[in-house]
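Enquirer:
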Amino acid sequence: MRDTWQLLRVSDFPAIERDRIETLQLNLGYLCNLSCIHCHVNAGPHRKEMMDRDTMELALKVAGRCGASSLDLTGGSPEMNPHFRWLVDEARARGLHVMDRLNPTIMEEPGYEWVGEFLAAYQVEAVASLPCYSQENVDEQRGNGVFESSVRALQKLNALGYGVEGRGLTLNLVYNPNGAFLPPDEAMLEAQYKQLLGDNFGIRFNRLYAIANMPIQRYGSWLLSKGHFGAYMGTLKAAHRNENLANVMCRSLVSVDYQGELYDCDFNQMLKIPLGGRQVASHLRDLLDGNVPRRIAVAEHCYGCTAGQGSSCGGALNQG
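Each residue of the sequence shown is one higher than the last, beginning at 352 in the working numbering.
#1: Helix, strand or coil for residue 440? Go by DSSP, reduced to three states.
#2: According to DSSP, residue 523 sits in a beta bridge with which residue or residues?
#3: With the cut-off set at 8 Å, would you say residue 659 and residue 582 are in Cβ contact?
#4: Candidates 453, 441 and 571: which alpha carbon is nearest residue 429's?
#5: If you count every other CB in all the chains shown that lies within 10 Å of the CB of residue 551, and 16 or more means buried, which is it?
#6: Tell me the rounded alpha-carbon separation between residue 559 and residue 514.
#7: Assign residue 593 to one of two classes, buried (16 or more other C-beta atoms within 10 Å of its C-beta) or exposed (fewer than that).
#8: For residue 521 versus residue 599, is the C-beta distance shorter than 8 Å?
#9: Between which two residues does the alpha helix (DSSP H) harbouring residue 509 extend?
#10: Where do the N-terminal and C-terminal ends of the beta strand (DSSP E) with residue 450 fall, by residue?
#11: If you count every other CB in all the chains shown that lies within 10 Å of the CB of residue 532, and 16 or more means buried, which is it?
#12: For residue 396, count neighbouring C-beta atoms within 10 Å of its own C-beta (all shown protein chains included) and say buried if the count is 16 or more, exposed if not.
#13: Compute the distance between the beta-carbons of residue 553 and residue 507, then report whether it is under 8 Å.
#14: Give me the Cα-Cα distance between residue 644 and residue 398, rounded to the nearest whole angstrom.
#15: Ignoring anything shorter than 3 residues, give me the beta strand (DSSP E) runs that lie fully in the segment 366-435, in order along the chain.
#16: Quick test of the definition: if touching needs 3 or more C-beta pairs under 8 Å, does the segment 353-363 touch the segment 565-582?
#17: At what residues does the alpha helix (DSSP H) containing residue 470 begin and finish?
#18: From the DSSP output, in three-state form, read off residue 666 for me.
#19: Hey, residue 614 and residue 562: beta-carbon distance below 8 Å or not?
#20: Could you have a look at residue 537 and say whether DSSP puts it in helix, strand or coil?
#21: Does residue 646 come out as helix, strand or coil in the three-state DSSP assignment?
#22: Go to residue 604, then tell me how far its beta strand (DSSP E) extends in each direction, as first and last residue.
#23: In angstroms, rounded to a whole number, what distance separates the CA positions of residue 459 and residue 503?
#24: If we require 3 or more residues per run, which beta strand (DSSP E) segments fall completely within the segment 583-635?
#25: Got a sec, what are the start and stop residues for the alpha helix (DSSP H) residue 656 sits in?
#26: Just to check my reading of the structure: residue 380 and residue 407 have Cβ atoms closer than 8 Å, yes? What is that Cβ distance to the nearest angstrom?
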């Protein structure tokens, strides 16, 4: 896999600072049942990295000390971590909101049939990846049969009450482009998803998050191999909007890798840029005093968050 870091590290991206920690985003490991083209984590079935319970316990302590209100669980497929259920149980008992960045096909993997019922029982917000409402596009990104498996899983989540008005179970979907271009207008795309998934499969959901692909890891390597890297970076920089800087996710989030080391976002984690651009990596232990680290490390890939309507783990930043 070709590394893009040397093409990203020198940057004129504007300086920004963190003003609070509302969310700890925990990467529970890089193990996944899929190997998607756009994956910035380079996750897959053969990855071995996994967060242990001691690190999870420390993360819960840090959340309390820093006043974080949410845990954002990601991977890989976070449910494949053997301590996933323990972590969710502990977090909910402490009053934390929990989001699970769900690859819905995991619900059809042998041994993971429990996922839907478990998430519903603990009122976990499900953020499910479905990069298109077209079977052809989804299977192109994720593999043959992934679309049909995802549809069945989403229908099961609906049957459990997810996405159903009045049930209090939030189901949000995630769209990623399947090429070297920015996501279309999020509100327009959400309306299309709701109509087509509803009409064709009876699927209901709350919101659609349109997330730009980052030029790092597997997707960055794909851009280089296709000769699209320079053009894609040009697209991101040309579409930069200063007003998106106020709402980028790193201003209220800290990303934690499976070893407990800290980063300004999940993308910086994959590039191994320590929190605040420090020379030595910070660890969860360094946040036990409750102090909020302010400086945020930036590089060229950060334009992926400020281009056009903006992009974050919560979708578009600017609907105007």
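Quick reminder that beta carbons are idealized off the backbone N, C-alpha and C, glycines included.
Expert: Inspection of the coordinates gives the following:
#1: helix
#2: 478 and 558
#3: no
#4: 453
#5: exposed
#6: 12 Å
#7: exposed
#8: no
#9: 497-510
#10: 448-453
#11: exposed
#12: exposed
#13: no
#14: 31 Å
#15: 374-378 and 421-425
#16: yes
#17: 466-472
#18: strand
#19: no
#20: helix
#21: strand
#22: 604-607
#23: 9 Å
#24: 604-607
#25: 654-657
#26: The pair is not a contact, with the Cβ atoms about 11 Å apart (cut-off 8 Å).
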